[in-house]
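Participant:
Protein chains in written order, with our numbering: chain A, 11 to 317; chain B, 146 to 424.
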């Protein structure tokens, strides 16, 4: 440490510290933009949720919408389904993402091509991908039913989107298909960032591939896994287009998640007030979930560090 | 390190084949459906291959939906404008979060990331009112303004992580040489951040391109401004759906972006590896 240098350093540090104004100046445009496009609509949603707004005007009705929603017999089922949808879909995305990233990280011929081929579901508009899946799930002419009939596993046409269970799991598969490539690419990037020395040291010590995967790869990419699962959970919870294009929430509500339910109430039935109440529930439940996730994560991290 | 045996290699290729089949299955199915003549599309029992397959649908699509070319252009155009708008907000904010210590930093960053929780679908009605009062309804702005807003938080998060990796010493020496703050941001930081900027821009472009459906069907009624994912549903008529042409148009429609992406994908994985992804 040369004294001149540290002198400059402390000057610089002071400057950085006194830069609150400049820092906020740079953030201000984004902050303002988001306050207008996201903040105001959120506040308006809160206000609307206490009204009976519809096509014919609106008046304040207090907590009536909330009481009606909490007493609704169907609503708990929709909430449960949404969390089940999120949990199932995100778990599958993470598992497939890790497997995919591992496969694309192995030095094999054609690796560069595979890395490009994995990306289309992420890059292509969701609506277009869903059109493809609509045909895949077609009971008479789709490839799955067709192949299964040829093999004799199915003895007749089977409409995947026409029955409650098969429609739900078909929608999960499509959602996983849309979400997996991005997760795979992020995990792949994280794996490539892991220092090669760690693996070589472990190899010299005689660690098996499986051991190296468990003890080096997974811990090293853990921060990315954690971030991606939270982001993915939020996106999956709010996933609209996939379900809407495949089933519009049907058959008989089997694929109606909270976001679909909100859209139907507000846009299709013009019940803006009651719809806003439902929209608010989505936000509240997601916020609680994210907070819990981060709290549990902090606890786990602390315990990890104590060891 | 040990090599894979032939047997292990075969297993690995098999696993990759299964994975790729899952990823590419709908595209393959779309291609097959686009080749079948409409009256033979609905034919039982299921036939994998038939003699009457042709590329006829690929010439018919332009007559059935005359605005198809416009929709394809709109999609790319909207995604490009959204990306530029989004980046112009993201760059200064990400730089600020990456470099400065200031009061309210943690809270404001948390609030930004919290925006991720509000999907457009939740806020549709107030958004509609807002866009109407700006006079944006039924214009391109009705789609790219909210589109860009919802992509800003992730952009800031990605770029911040990348900028933190750029050594601060370079900025220090520029400062000591008497450069202004704006000059440092423009001439020192941005050139060094180019790989990071590419990653964030590509990720934003993908987000902007892949998710144009909801805002388009809700905030825009003018056909000449429709992006492809909304316009493609014109193949669904009152009486029947022209499935084979719909599939052909979908595949044709995504080709321009797939080509752009083919050139950019290298930077994406490289850039993410170099730091944007790490904490």
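Glycine is no exception: its CB is placed at the ideal position from the N, C-alpha and C atoms.
With distances taken between CB atoms, is the gap from residue 147(A) to residue 99(A) smaller than 7 Å?
Facilitator: As a working note, residue 147(A) is residue 137 in the first chain. As a working note, residue 99(A) is residue 89 in the first chain. Contact: no.
Participant: For the region 83-151 of chain A, list the alpha helix (DSSP H) runs that are entirely contained and at least 4 residues long, ordered along the chain.
Facilitator: 85-115, 121-127, 130-133, 136-146
Participant: Show which residues of chain A have a CB atom less than 8 Å away from the CB atom of residue 359(B).
Facilitator: As a working note, residue 359(B) is residue 214 in the second chain. Within 8 Å Cβ-Cβ: 250, 251.
Participant: Among the residues of its own chain, which have a CB less than 8 Å from the CB of residue 318(A), if the five just before and after it don't count?
Facilitator: Examination of residue 318(A) is not possible in this model, given that chain A is present from 11 through 317 alone.
Participant: Within 10 Å of its beta-carbon, does residue 236(B) have 16 or more other beta-carbons around it, so buried, or fewer, so exposed?
Facilitator: Position 91 of the second chain, counted from the start, is the residue given in the question as residue 236(B). Residue 236(B) comes out buried.
Participant: If we define contact as Cβ-Cβ less than 7 Å, is residue 326(A) a contact residue for chain B?
Facilitator: This structure leaves residue 326(A) out entirely; chain A is present only between 11 and 317.
Participant: Assuming residue 304(B) contacts residue 239(B) (C-beta within less than 8 Å), just tell me the rounded distance between them.
Facilitator: Within the second chain, numbered from 1, the residue matching residue 304(B) stands at position 159. Within the second chain, numbered from 1, the residue matching residue 239(B) stands at position 94. The C-beta separation of residue 304(B) from residue 239(B) comes to about 4 Å, placing the pair in contact by the 8 Å criterion.
Participant: State the CB to CB distance for the pair residue 141(A) and residue 395(B), rounded to an integer number of angstroms; the pair is presumed to be in contact (CB under 8 Å).
Facilitator: Locating residue 141(A) in the first chain gives position 131, where the first residue counts as 1. Locating residue 395(B) in the second chain gives position 250, where the first residue counts as 1. Between residue 395(B) and residue 141(A) the Cβ distance is about 6 Å, and since that is below 8 Å, they are a contact.
Participant: Check the C-beta distance from residue 194(A) over to residue 114(A) and give it rounded, since I have them as a contact under 8 Å.
Facilitator: Position 184 of the first chain holds residue 194(A). Position 104 of the first chain holds residue 114(A). Correct: roughly 7 Å between the Cβ atoms.
Participant: Mapping DSSP to helix, strand and coil, what is residue 299(B)?
Facilitator: Taking the second chain and counting its residues from 1, the one referred to as residue 299(B) is at position 154. Helix at residue 299(B).
Participant: Can you pull the chain A residues whose beta carbon is under 7 Å from the beta carbon of residue 178(B), in chain order?
Facilitator: Indexing the second chain from 1 puts residue 178(B) at position 33. Correct list: 145.
Participant: Give the residues of chain A in contact with residue 418(B), contact being defined as C-beta atoms less than 7 Å apart.
Facilitator: Against the second chain, residue 418(B) aligns to sequence position 273. Simply 199, 202, 203.
Participant: For residue 203(A), report the span of its alpha helix (DSSP H) as first-last.
Facilitator: Mapped onto the first chain, residue 203(A) falls at position 193. Counting along the chain, the alpha helix (DSSP H) containing residue 203(A) begins and ends at 174-203.
Participant: Leaving out the 5 sequence neighbours to the left and right, which residues in its chain are closer than 8 Å to residue 202(A) when beta-carbon positions are compared?
Facilitator: On the first chain, residue 202(A) is found 192 positions in, with the first residue counted as 1. Taken in chain order, the residues that qualify are 115.
Participant: Quick check on the DSSP output: what are the complete alpha helix (DSSP H) runs of length 4 or more inside the region 268-330 of chain B, in order along the chain?
Facilitator: Runs found: 269-279, 286-308, 314-321.
Participant: Establish whether the CB of residue 243(A) and some CB of chain B are separated by less than 7 Å.
Facilitator: Along the first chain, one-based indexing puts residue 243(A) at 233. Cβ-Cβ to chain B under 7 Å: no for residue 243(A).
Participant: Where does the unbroken alpha helix (DSSP H) through residue 381(B) begin, and where does it stop?
Facilitator: In the second chain, the residue the question calls residue 381(B) occupies position 236. No alpha helix (DSSP H) contains residue 381(B), which DSSP labels as neither H nor E.
Participant: In whole angstroms, what separates the C-alpha of residue 106(A) from that of residue 129(A)?
Facilitator: Residue 106(A) sits at position 96 when you count from the first residue of the first chain. Residue 129(A) sits at position 119 when you count from the first residue of the first chain. Going by the C-alpha atoms only, they are around 14 Å apart.
Participant: If I follow the unbroken alpha helix (DSSP H) through residue 215(B), where does it start and stop?
Facilitator: The count along the second chain starts at 1 and reaches residue 215(B) at position 70. Where residue 215(B) is concerned, the enclosing alpha helix (DSSP H) stretches over 213-244.
Participant: Heavy atom of the ligand ZN less than 6 Å from the Cβ of residue 220(A), yes or no?
Facilitator: The model depicted lacks the ligand ZN and carries no ligand whatsoever.
Participant: Measuring only the C-alpha atoms, how far is residue 55(A) from residue 226(B)?
Facilitator: On the first chain, residue 55(A) is found 45 positions in, with the first residue counted as 1. On the second chain, residue 226(B) is found 81 positions in, with the first residue counted as 1. Residue 55(A) and residue 226(B): Cα-Cα distance of roughly 28 Å.
Participant: Using a Cβ-Cβ cutoff of 8 Å, what residues of the region 179-191 of chain A are near chain B? List them in chain order.
Facilitator: 187, 190, 191
Participant: Would you kindly work out how many angstroms separate the C-alpha atoms of residue 90(A) and residue 294(A), rounded to a whole number?
Facilitator: Your numbering for residue 90(A) matches position 80 in the first chain. Your numbering for residue 294(A) matches position 284 in the first chain. If you take the alpha carbons of residue 90(A) and residue 294(A), they lie about 15 Å apart.
Participant: Could you check the C-alpha separation between residue 94(A) and residue 160(A) for me, to the nearest Å?
Facilitator: Along the first chain, one-based indexing puts residue 94(A) at 84. Along the first chain, one-based indexing puts residue 160(A) at 150. Approximately 33 Å, taken between the alpha carbons.
Participant: DSSP has residue 386(B) in a bridge; who is on the other side?
Facilitator: Here residue 386(B) refers to the residue found at position 241 when the second chain is read from its first residue. In DSSP, residue 386(B) forms a bridge with 381(B).
Participant: Please return the same chain residues whose Cβ sits closer than 7 Å to the Cβ of residue 148(B), not counting the five positions on each side in sequence.
Facilitator: Residue 148(B) sits at position 3 when you count from the first residue of the second chain. For residue 148(B), where only same-chain residues beyond five positions count, there are no Cβ hits under 7 Å.
Participant: Give the DSSP-derived three-state secondary structure of residue 273(A) in the structure shown.
Facilitator: For this step, residue 273(A) is matched to residue 263 along the first chain. Reduced to three states, the DSSP call for residue 273(A) is helix.
Participant: Using beta-carbon positions only, say whether residue 253(A) and residue 197(A) come within less than 7 Å of one another.
Facilitator: Working through the first chain from its first residue, we reach residue 253(A) at position 243. Working through the first chain from its first residue, we reach residue 197(A) at position 187. Cβ atoms of residue 253(A) and residue 197(A): not closer than 7 Å.
Participant: Counting contacts by CB-CB distance shorter than 7 Å, is residue 332(B) in contact with chain A?
Facilitator: Counting from one through the second chain, the residue named residue 332(B) turns up at place 187. For residue 332(B), the answer is no, since every Cβ of chain A falls outside 7 Å of its Cβ.
Participant: Does residue 141(A) get closer than 7 Å to chain B when you measure Cβ to Cβ?
Facilitator: On the first chain, residue 141(A) is found 131 positions in, with the first residue counted as 1. Yes, because at least one Cβ of chain B sits closer than 7 Å to the Cβ of residue 141(A).
Participant: Determine the direct distance from the alpha carbon of residue 352(B) to that of residue 389(B), and round the result to whole angstroms.
Facilitator: Residue 389(B) sits at position 244 when you count from the first residue of the second chain. Residue 352(B) sits at position 207 when you count from the first residue of the second chain. Taking the straight line from one Cα to the other gives about 27 Å.
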